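Visitor:
Residue numbers (the numbering used here): 210 to 311.
1. Checking 8 Å against the spacing of the C-beta atoms, do residue 225 and residue 259 come in under that value?
2. I think residue 268 touches residue 257, with their Cβ atoms under 8 Å apart; what is that distance to the nearest whole Å?
3. Please report how far the alpha carbon of residue 305 lies from the alpha carbon of residue 273, in whole angstroms.
4. Kindly indicate the opening and closing residues of the beta strand (DSSP E) around residue 240.
5. Report the CB separation of residue 261 from residue 290 in whole angstroms; it is logged as a contact under 8 Å.
6. In angstroms with no decimal places, state the Cα-to-Cα distance between residue 271 and residue 234.
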């Protein structure tokens, strides 16, 4: 079980996310390095910044620090992970009907 994965030298910048690990002690890692030995994935740029890791969840960071070009390209600043509940509290399926506005 994992939340973030990759296999082809990906760059991952996780900011302000909330990860709740399941009870299974073998399923606590947020990251998965698919089909790659540690010698390869340890060079991939994976960063966790301000993430909330609950119930023993853990994120294995690797590679170089996030580049300044990533920061410049980002159009939105990440909100603190403590706000996830309030930001998504009303999320869900829309009650739409055919022929009417949602």
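The C-beta atom is built at its ideal place from N, Cα and C for all residues, glycine as well.
For clarity, every value in this text was computed on a predicted model and none was experimentally measured.
Guide: On the basis of the coordinates in this document:
1. yes
2. 4 Å
3. 46 Å
4. 240 to 242
5. 4 Å
6. 22 Å
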